[in-house]
Amino acid sequence: MAVSSAACALLSFAGCGGGDAVPTASVPAAPSSAAAPTAEAPAVTPPKAVSPAQVGATTTGNPAATGNPTADAANQVVMKQPDAAAPQMPPPISAAELDAAVDINKIPQNDPVELLKYMTAVSETNFPNTASQKELHEFANKVYGNIMEAADRLLAIPNATSDQLRDALQFKFHAYEVLAQINPDQSEKLIAERTALAQKLTQDQDRTLRTFGMLYMFEYMLQDFASGKQELGSMVKEDALAIIGDPGASMQHLEVAMNAANVFGQMGHSDVAVEILSTARQNFTKSQDKELAEASVGLDDHILQWKIFGAMMDAANGDDVRGQEMLQLMQQLVNSFGPESVEPVTTIQAIEQKMEEFNRMALAKAVNDLLLNNYSNHPNKEIAAAIIESATSANKRLALIGQPMPLVGANLDGTPFNWADYRGRYVLIDFWATWCGPCLQEIPNIQENFVKYRERGFEVVGVNLDEDPKALEAFFAKRQLPWTTVISNDPNATGFNNVNAVHCGVDGIPFLVLVDPEGKVIEINPRGERLGEVLESIFAQQAPANGGAAAASANAGTGPIR
Numbered sequence: 001m002a003v004s005s006a007a008c009a010l011l012s013f014a015g016c017g018g019g020d021a022v023p024t025a026s027v028p029a030a031p032s033s034a035a036a037p038t039a040e041a042p043a044v045t046p047p048k049a050v051s052p053a054q055v056g057a058t059t060t061g062n063p064a065a066t067g068n069p070t071a072d073a074a075n076q077v078v079m080k081q082p083d084a085a086a087p088q089m090p091p092p093i094s095a096a097e098l099d100a101a102v103d104i105n106k107i108p109q110n111d112p113v114e115l116l117k118y119m120t121a122v123s124e125t126n127f128p129n130t131a132s133q134k135e136l137h138e139f140a141n142k143v144y145g146n147i148m149e150a151a152d153r154l155l156a157i158p159n160a161t162s163d164q165l166r167d168a169l170q171f172k173f174h175a176y177e178v179l180a181q182i183n184p185d186q187s188e189k190l191i192a193e194r195t196a197l198a199q200k201l202t203q204d205q206d207r208t209l210r211t212f213g214m215l216y217m218f219e220y221m222l223q224d225f226a227s228g229k230q231e232l233g234s235m236v237k238e239d240a241l242a243i244i245g246d247p248g249a250s251m252q253h254l255e256v257a258m259n260a261a262n263v264f265g266q267m268g269h270s271d272v273a274v275e276i277l278s279t280a281r282q283n284f285t286k287s288q289d290k291e292l293a294e295a296s297v298g299l300d301d302h303i304l305q306w307k308i309f310g311a312m313m314d315a316a317n318g319d320d321v322r323g324q325e326m327l328q329l330m331q332q333l334v335n336s337f338g339p340e341s342v343e344p345v346t347t348i349q350a351i352e353q354k355m356e357e358f359n360r361m362a363l364a365k366a367v368n369d370l371l372l373n374n375y376s377n378h379p380n381k382e383i384a385a386a387i388i389e390s391a392t393s394a395n396k397r398l399a400l401i402g403q404p405m406p407l408v409g410a411n412l413d414g415t416p417f418n419w420a421d422y423r424g425r426y427v428l429i430d431f432w433a434t435w436c437g438p439c440l441q442e443i444p445n446i447q448e449n450f451v452k453y454r455e456r457g458f459e460v461v462g463v464n465l466d467e468d469p470k471a472l473e474a475f476f477a478k479r480q481l482p483w484t485t486v487i488s489n490d491p492n493a494t495g496f497n498n499v500n501a502v503h504c505g506v507d508g509i510p511f512l513v514l515v516d517p518e519g520k521v522i523e524i525n526p527r528g529e530r531l532g533e534v535l536e537s538i539f540a541q542q543a544p545a546n547g548g549a550a551a552a553s554a555n556a557g558t559g560p561i562r
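Going by the UniProt record's numbering, 433 is the number at position 433 of the sequence shown; the sequence numbering is gapless.
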């Protein structure tokens with residue numbers, strides 16, 4: 001379904017299908033429905049499950065790793081990569097042209113097939129990209145209002161089949177979702193109507209419709225659980241396993257299982273995610289539904305990746321046994337894809353960085369070695385070279401701990417930067433760029449800690465990796481930073497080629513290095529909450545220091561850029 005982002009934003013939960021013997025949902029509620037099916041192919045294809053590498057590449061609850069890998073500022077890194085070509089945009093189309101092409105107002109009467117065709121065609125309509133906000137709102141209300149009316153007409157046809165009724169409900173529930181989002185003043189009423197309808201369906205005599213309602217209610221409970229109601233965890237798990245045990249399970253049941261597993265996994269319960277997916281794999285493989293049986297085989301990769309994710313989190317928290325298990329599972333993942341596939345590479349690199357973040361340097365090196373052992377001799381020479389370059393950068397980062405940190409360059413006014421001025425104080429070195437969103441999002445956290453601990457012996461030095469001096473000058477024309485910013489004194493060594501970045505193996509920013517009063521590295525990438533906790537542990541028993549670095553106030557984000 002092509003819906004303008006100005007009209008609606010779909011939620012991640014989907015669902016509904018045929019079957020029988022599923023439990024009544026423990027909590028009545030309402031998630032969004034999946035994209036509506038076509039009349040010819042009513043089954044919903046399970047969505048691609050979220051990779052644990054994506055949801056767990058970084059976490060913030062420090063020093064212990066947590067299982068709530070959200071996409072906040074402390075979890076984002078911008079990697080160096082080639083420029084992408086601009087996409088080709090389609091020619092503008094007006095609301096009138098769309099209206100004429102689809103004939104939105106011509107809703108069929110008593111033919112289920114024609115009604116489903118109509119809803120499919122209307123729901124797949126691209127919204128006009130030349131419309132004003134008001135016109136777009138009116139057009140969206142027209143489209144989804146007509147879908148609701150078409151669905152109601154089909155639901156009132158006595159001889160409509162169970163599958164046709166279910167498909168009409170799928171369209172109707174999605175229309176409820178969109179209309180509630182684009183009409184906030186009616187949202188509560190629309191959601192209440194939808195929830196009441198779903199609850200009513202759980203008592204329907206038709207098992208297809210009854211299952212539709214039950215799966216829908218379950219996914220609303222799942223959404224409630226995902227939003228933070230931890231007390232629902234036991235009920236969600238119990239109902240998920242019961243749904244998987246439905247002897248009449250369909251592809252919708254598989255989708256529900258994957259949704260539930262992903263929610264548990266992202267909330268730090270990877271063991272429950274593995275249990276749900278393993279049970280689904282065992283049950284659905286035996287299904288008489290050929291599509292379901294074949295699709296369930298694909299759960300093996302998800303099971304393995306959630307096992308890796310769970311072991312990774314335990315290893316980050318200091319469990320060496322689980323760390324070794326993680327390495328074995330990662331090798332199993334590589335083997336499952338074969339020697340020429342590079343699909344596991346992103347997962348391996350993310351885990352290596354996670355080990356860096358939690359000072360599990362021996363494990364980080366072991367992960368890096370695993371990457372090299374499996375891919376440094378890849379038959380594609382470009383891939384092999386990229387892997388070697390990435391691993392070399394990682395080894396540079398791993399070698400920083402305990403070593404003196406050199407820092408060279410120029411101040412913003414063009415004068416030489418004097419690193420010796422900072423000796424005797426703890427210093428956070430922040431590699432950043434003005435074009436890097438996560439870098440800018442990290443700055444308030446750094447500034448908060450700078451203000452809190454500066455009088456106790458803490459300083460910050462920013463190493464800017466912008467290649468365009470004008471961009472940096474424009475940034476400081478609008479915004480000041482209360483610490484020294486260092487730039488490259490070599491115009492041919494900017495960006496990631498900055499000598500400081502090359503020394504540290506920086507291949508993604510922001511990247512932070514914490515240095516002790518003797519100038520030695522004691523921590524790399526202490527981002528988000530971890531920075532505050534590390535500094536608190538350092539200064540807990542220490543009396544406040546006098547003064548500050550000599551250069552700090554003279555070069556606090558001011559002066560021309562040369």
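For each residue, glycine too, the CB sits at the ideal point set by N, CA and C.
Assignment of beta-bridge partners to E459 by DSSP yields V427. Secondary-structure assignment with DSSP links K354 through no beta bridge to anything. The beta carbon of V236 is closer than 7 Å to those of M221, L222, F225 and A260 in its chain, skipping five residues each way along the sequence.
In the structure shown, the three-state DSSP call for G495 is helix. The alpha helix (DSSP H) runs of length 4 or more contained entirely in the UniProt domain "Thioredoxin" (399-544) are, from start to end of the chain, 437-453, 469-478, 499-504 and 529-539. When the beta-carbon positions are compared, I429 and L407 come within less than 9 Å of each other. By the Cβ rule, the stretch 376-392 does not count as touching the stretch 462-480, because fewer than three pairs are nearer than 8 Å.
Here I524 really is in contact with I401; their C-beta atoms are around 7 Å apart, less than 8 Å. Straight through space, the alpha carbons of L370 and Q441 are spaced by roughly 33 Å. Contact annotation: R360 and A315 have beta-carbon atoms nearer than 9 Å.
If you draw a 10 Å sphere on the C-beta of N146, you find 16 or more other C-beta atoms in it, and that means buried. If you check the CB distance, T211 and G245 do not come in under 9 Å. In this structure, N489 sits away from A540, with a CB-CB distance that is not shorter than 9 Å.
If you draw a 10 Å sphere on the C-beta of R479, you find fewer than 16 other C-beta atoms in it, and that means exposed. In the structure shown, S278 falls within a helical segment according to DSSP collapsed to helix, strand and coil. When the five nearest sequence neighbours on each side are left out, the beta carbons in the same chain lying within less than 7 Å of the beta carbon of A160 are those of P112 and L154, in order along the chain. In this structure, DSSP gives E124 a state outside helix and strand, which the three-state scheme calls coil. In this chain, the alpha helix (DSSP H) harbouring I303 covers L299 to A316.
Assigned with DSSP and collapsed to three states, N146 falls in helix. For G265, the enclosing alpha helix (DSSP H) begins and ends at M251 to Q266.
The Cβ-Cβ distance between L215 and I243 falls below 9 Å. Contact annotation: the stretch 124-143 touches the stretch 169-189, with at least three C-beta pairs closer than 8 Å. Between L304 and the set G323, Q332 and K134, the nearest pair of CA atoms involves Q332.
Secondary structure at Q288: coil, using DSSP grouped into helix, strand and coil.
Per DSSP, reduced to three states, the secondary structure at P112 is helical. Here the stretch 337-350 does not lie against the stretch 281-300, with fewer than 3 beta-carbon pairs under 8 Å apart.
Here DSSP, grouped into helix, strand and coil, assigns T392 to helix. Contiguous alpha helix (DSSP H) elements confined to the stretch 142-212 occur at 162-182 and 187-201, taking only those with 4 or more residues. Restricting attention to D271, D320, L241 and M267, the CA atom closest to the CA of N283 is found in L241. Listed in chain order, the non-local C-beta contacts of L514 below 6 Å within the same chain comprise L428, I522, E523 and P526, local neighbours out to five positions each way being set aside. In the three-state scheme derived from DSSP, where H, G and I count as helix and E and B as strand, K381 is classed as helix.
Nearest C-alpha to C436 among I509, S234 and D239: I509. Going by beta carbons, L512 and L531 fall inside the 9 Å limit. Taking a contact as a CB-CB distance under 8 Å, the pair T434 and L398 does not count as one, their CB atoms being some 28 Å apart. Between I487 and L412, the C-beta gap is smaller than 9 Å, which places the two residues in contact.
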